[in-house]
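Colleague: For the sequence shown, full-length UniProt numbering begins at 1 and goes up steadily by one.
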Amino acid sequence: MFVTLGNSCLMISLINQVRYIIKYKTKDNFLFTNNAINKKATLVIAINKNGTIVYCSQNVKNILGYTVEDLQGMSFLSLIEDPEFTIENYKNNQEFYTRKVLAKEGTYRYIQWKNVKNLNDIYLSIGQDITGLIDLDHQYKNLIETATDIIYETDRRGKFTFVNTFAKSLFNLKNEDIIGQNLILFIREDYIRKVLRFYHSNLLGRKEASSIEFPVVINENTELWLSQKVNVKRNQKGKVLGFSAIARDITLLKNVEIQQKNRQKKNEIFNKTINKLATLSYKEEETFSDRINLILKSTAKGALIDRVSYWTYDPLSLQCFSLYDLELDEFKKGLVSFKSNRPNYFEHFEKEQLVVATDVYEYFGTNELVDDYFLKGEIKSMLNLPVFINGKLCSLLSFETTKQKRVWDNDDINFARSIADIVSLAIETYKRRETEEKLEEKTKILTAIAVSTEKLLKNNNLDPLFEDVFSIVGQATNIDRIYYFENNEAEHYFSCKNEWVNREKDIQPQINNKALKKMFHQENLIYYETLSKKEVFRAKSAQIKDPFIYERLCSQGILSILLFPIFINNVFRGFLGFDDCSKEREWAEEEVSILQILANNVSITIERIENLNLIEESQKQFKLLADNIPVSCFCQNIIKSFLKYILAIK
Numbered sequence: 001m002f003v004t005l006g007n008s009c010l011m012i013s014l015i016n017q018v019r020y021i022i023k024y025k026t027k028d029n030f031l032f033t034n035n036a037i038n039k040k041a042t043l044v045i046a047i048n049k050n051g052t053i054v055y056c057s058q059n060v061k062n063i064l065g066y067t068v069e070d071l072q073g074m075s076f077l078s079l080i081e082d083p084e085f086t087i088e089n090y091k092n093n094q095e096f097y098t099r100k101v102l103a104k105e106g107t108y109r110y111i112q113w114k115n116v117k118n119l120n121d122i123y124l125s126i127g128q129d130i131t132g133l134i135d136l137d138h139q140y141k142n143l144i145e146t147a148t149d150i151i152y153e154t155d156r157r158g159k160f161t162f163v164n165t166f167a168k169s170l171f172n173l174k175n176e177d178i179i180g181q182n183l184i185l186f187i188r189e190d191y192i193r194k195v196l197r198f199y200h201s202n203l204l205g206r207k208e209a210s211s212i213e214f215p216v217v218i219n220e221n222t223e224l225w226l227s228q229k230v231n232v233k234r235n236q237k238g239k240v241l242g243f244s245a246i247a248r249d250i251t252l253l254k255n256v257e258i259q260q261k262n263r264q265k266k267n268e269i270f271n272k273t274i275n276k277l278a279t280l281s282y283k284e285e286e287t288f289s290d291r292i293n294l295i296l297k298s299t300a301k302g303a304l305i306d307r308v309s310y311w312t313y314d315p316l317s318l319q320c321f322s323l324y325d326l327e328l329d330e331f332k333k334g335l336v337s338f339k340s341n342r343p344n345y346f347e348h349f350e351k352e353q354l355v356v357a358t359d360v361y362e363y364f365g366t367n368e369l370v371d372d373y374f375l376k377g378e379i380k381s382m383l384n385l386p387v388f389i390n391g392k393l394c395s396l397l398s399f400e401t402t403k404q405k406r407v408w409d410n411d412d413i414n415f416a417r418s419i420a421d422i423v424s425l426a427i428e429t430y431k432r433r434e435t436e437e438k439l440e441e442k443t444k445i446l447t448a449i450a451v452s453t454e455k456l457l458k459n460n461n462l463d464p465l466f467e468d469v470f471s472i473v474g475q476a477t478n479i480d481r482i483y484y485f486e487n488n489e490a491e492h493y494f495s496c497k498n499e500w501v502n503r504e505k506d507i508q509p510q511i512n513n514k515a516l517k518k519m520f521h522q523e524n525l526i527y528y529e530t531l532s533k534k535e536v537f538r539a540k541s542a543q544i545k546d547p548f549i550y551e552r553l554c555s556q557g558i559l560s561i562l563l564f565p566i567f568i569n570n571v572f573r574g575f576l577g578f579d580d581c582s583k584e585r586e587w588a589e590e591e592v593s594i595l596q597i598l599a600n601n602v603s604i605t606i607e608r609i610e611n612l613n614l615i616e617e618s619q620k621q622f623k624l625l626a627d628n629i630p631v632s633c634f635c636q637n638i639i640k641s642f643l644k645y646i647l648a649i650k
């Protein structure tokens, strides 16, 4: 009995314990549900089929500031303030949707809703307060849209999917003009391959965003430089979705950098050109014209200047000594600019001594050159610099562009000054060289004259004497032909008697030219009128206006001629001539003076030989007379002469 009673008590205790546990679990579940609904951030609202709120979780106070009593009986559509959202949409909408809800304090909260149909035409709307996320999203969008950097996104093929406002305003494009367009269309052509390699390298696994600098073309006349960083966008599986990029306009910095690089490169070329010209040795056979042409050509190629020219200056004119055309690769000369035609330009140049014209048509100092120089040469910019020798203006260097205008900066001007210094050095070098050569030639000619004078004094036969003397003087003076013409005053003509030619130059002799046997005075008045006045005749063949004489000189290949009159006892006996058949020769005064000595010596020699011939002829006649007179008369005459001599002594 006691056992049975004990078992019964134990069973009752177990049943009560189970009931307690069940009751406790039910209460615990209720507390959990109550906490989940009323104390979390999730808002639960139940509405009936008319859209009226019949239930609201207690945490609405924390989220919207309303009490449960405030919302019960209110229309749900009024709460979400969406006139376009009907109850039918609500019944059928099973997706998430976000609406802003006016809180009791007057601010709006963003609630993300999910509709769930319950039993008995009761619908549950479960809302999540995402105001913080929305605000953060707005801040992010505002940051992007107000950023002063270019921010954009592209798909994996490089087509724009998003571009911020700053980028669109910078490129002056609308959203429809750029969305869907490929990034490549905006990149300058020579950088497309480089940018594609950069994007491809990011795809291959670079975790950190790298940067690249490249130019983009806005329109035909405008381009910008961008410094850009790129991130690869991937989904959760690692598949590439596209690229996001942020770029900054670095056009100003890049232009400065490019200018500095270009300036450095330009100065390197300038220095290389200057060093080359300054250290270039002078060749023995090189003329001053050769050196100037070399300087002009090297300058044009080094500085990429279309035309470079050198002008000689005198108070009345500028004469183009040489002009090099870079495009044609040829030299020109012969242009003359007279001060009388361009007084303002000369005044400006002589006063300012520097002409820097980016636009020659707007520069006030060059307006006189527009019609007959700038327009003909299609010149757009010009830089003129003076060349000084011993502090005196002697010439002009001119730099001209014909393709496009050039803004002459300080580097260009300094380079031009250096070239002007090199030209000055060349002028001084060649003047010194010319002086040394003239001194050497003078010494050589004087030596030849001295040797010739000795021969003239010792020999009495004119023909071999002239041949010998002419050869010595001709080789010393580098003259092609020397000759002596005799003047027949009675019959009024000149006649060639002696001639020497430089056979090393293949100069043709004219001694047998019949036209030179009788050159009548009337046909050679320019010779006769000058020489008969004891004046020296010198000229270039091209300067002789008499067609008869000009044609005769050309037929003999004469380019320059120099004639000295020969007078004996104040009688015009002939002339000594010198021909240059190799070049148009400028007969220097010293050279003429020295050759005048030779002409004087020839005059003296001819007079001496003629006197000797007269004495010899007199002696012959005296001897012939003496041989035919009787001896007695001869002796008587001798005695008379002797007595007169004795008396004279006494």
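Beta carbons: idealized from backbone N, C-alpha and C, even for Gly.
Could you spell out where the beta strand (DSSP E) holding residue 487 opens and where it closes?
Modeller: Its beta strand (DSSP E) spans residues 481 to 488.
Colleague: For residue 563, which residues does DSSP report across the bridge?
Modeller: In DSSP, residue 563 forms a bridge with 537, 577.
Colleague: In whole angstroms, what separates the C-alpha of residue 244 from that of residue 129?
Modeller: The straight-line gap from Cα to Cα measures roughly 30 Å.
Colleague: Among 344, 495, 352, whose alpha-carbon lies nearest the alpha-carbon of residue 517?
Modeller: Residue 517 has its Cα closest to that of 495, out of 344, 495, 352.
Colleague: Can you give the Cα-Cα distance for residue 541 and residue 552, rounded to whole angstroms?
Modeller: If you take the alpha carbons of residue 541 and residue 552, they lie about 10 Å apart.
Colleague: Would you kindly report the start and end of the unbroken alpha helix (DSSP H) that includes residue 78?
Modeller: Here the alpha helix (DSSP H) through residue 78 covers 76 to 80.
Colleague: Leaving out the 5 sequence neighbours to the left and right, which residues in its chain are closer than 6 Å to residue 538 when beta-carbon positions are compared?
Modeller: These residues qualify, in order along the chain: 562, 587.
Colleague: Along the chain, where does the beta strand (DSSP E) containing residue 61 start, and where does it finish?
Modeller: No beta strand (DSSP E) holds residue 61; the alpha helix (DSSP H) holding it covers 60 to 63.
Colleague: Going by DSSP in three states, residue 392 sits in which element: helix, strand or coil?
Modeller: Residue state, collapsed to three classes: strand.
Colleague: Between the stretch 578 to 597 and the stretch 463 to 480, do three or more beta carbon pairs fall short of 8 Å?
Modeller: They touch, by the three-pair rule.
Colleague: Can you say whether residue 73 is buried or exposed, counting buried as having 16 or more other CB atoms within 10 angstroms of its CB?
Modeller: Classification for residue 73: exposed.
Colleague: Could you compute how far the alpha carbon of residue 558 sits from the alpha carbon of residue 579?
Modeller: For residue 558 and residue 579, the distance between alpha carbons rounds to 6 Å.
Colleague: Going along the chain, which unbroken runs of the alpha helix (DSSP H) with 4 or more residues stay wholly within the stretch 125 to 191?
Modeller: You should have 131 to 146, 165 to 171, 175 to 178.
Colleague: Please confirm if the stretch 271 to 280 is in contact with the stretch 369 to 376, defined as three or more CB-CB distances below 8 Å between the two stretches.
Modeller: Not touching, per the Cβ criterion.
Colleague: Where do the ends of the alpha helix (DSSP H) carrying residue 589 lie?
Modeller: Run containing residue 589: 589 to 628, per the alpha helix (DSSP H) assignment.
Colleague: Beta-carbon within less than 7 Å of residue 343's beta-carbon, same chain only, minus the 5 sequence neighbours each way: which residues are those?
Modeller: So no residue of the chain qualifies.
Colleague: Do residue 126 and residue 158 have their C-beta atoms within less than 9 Å of each other?
Modeller: Their beta carbons are not under 9 Å apart, which means residue 126 does not touch residue 158 by this criterion.
Colleague: For a test of the three-state rule: what should DSSP assign to residue 36, helix, strand or coil?
Modeller: Note on residue 36: pLDDT 47, under 50, position unreliable in the model; no value is reported.
Colleague: In three-state terms, what does DSSP make of residue 107?
Modeller: In the structure shown, residue 107 sits in coil (DSSP, three-state: anything other than H, G, I, E or B).
Colleague: If you pair each beta-carbon of the stretch 388 to 396 with each one of the stretch 414 to 430, do three or more pairs fall below 8 Å?
Modeller: The stretch 388 to 396 vs the stretch 414 to 430: in contact.
Colleague: Indicate the three-state DSSP secondary structure (helix, strand or coil) for residue 229 in the structure shown.
Modeller: Residue 229 falls in the strand class under three-state DSSP.
Colleague: Tell me where the alpha helix (DSSP H) around residue 279 begins and ends.
Modeller: It spans 251 to 279 - the alpha helix (DSSP H) in which residue 279 sits, taken as one unbroken run.
Colleague: Using the beta-carbon count (16 or more within 10 Å), is residue 197 buried or exposed?
Modeller: So residue 197 ends up on the exposed side.
Colleague: So the candidates are 604, 484, 531; which of them puts its Cα closest to the Cα of residue 501?
Modeller: The candidate whose alpha carbon is nearest that of residue 501 is 484.
Colleague: For residue 503, count neighbouring Cβ atoms within 10 angstroms of its own Cβ and tell me buried if that reaches 16, exposed if not.
Modeller: Exposed.
Colleague: Around the C-beta of residue 306, are 16 or more other C-beta atoms found within 10 angstroms, so that it is buried, or is it exposed?
Modeller: Counting Cβ neighbours within 10 Å, residue 306 comes out buried, since at least 16 surround it.
Colleague: Can you confirm whether the stretch 602 to 619 touches the stretch 565 to 575 when touching is taken to mean that 3 or more C-beta pairs between the two stretches lie within less than 8 Å?
Modeller: Contact holds: three or more Cβ-Cβ distances are below 8 Å.
Colleague: Opposite residue 115 in the DSSP bridges: which residues?
Modeller: Note: residue 115 sits in a beta bridge opposite 125.
Colleague: Might you give, ordered along the chain, the residues of its own chain that have their beta carbon closer than 7 Å to the beta carbon of residue 15, omitting 5 neighbours on each side?
Modeller: Confidence at residue 15 is low in this model, with a pLDDT of 38, below 50, so the placement of that residue should be treated as unreliable; the coordinate-derived value is given next. Closer than 7 Å at Cβ, skipping near neighbours: no residue.
Colleague: Would you tell me roughly how many angstroms separate the C-alpha atoms of residue 227 and residue 251, rounded to the nearest one?
Modeller: Approximately 9 Å, taken between the alpha carbons.
Colleague: Secondary structure at residue 96, three-state DSSP: helix, strand or coil?
Modeller: In the structure shown, residue 96 sits in coil (DSSP, three-state: anything other than H, G, I, E or B).
Colleague: Quick check: the Cα distance between residue 531 and residue 460, rounded to an integer number of angstroms?
Modeller: Straight-line Cα distance between these residues: approximately 26 Å.
Colleague: Looking at the unbroken alpha helix (DSSP H) that takes in residue 475, where does it start and where does it end?
Modeller: Taken as a continuous stretch (DSSP letters only), the alpha helix (DSSP H) holding residue 475 covers 462 to 477.
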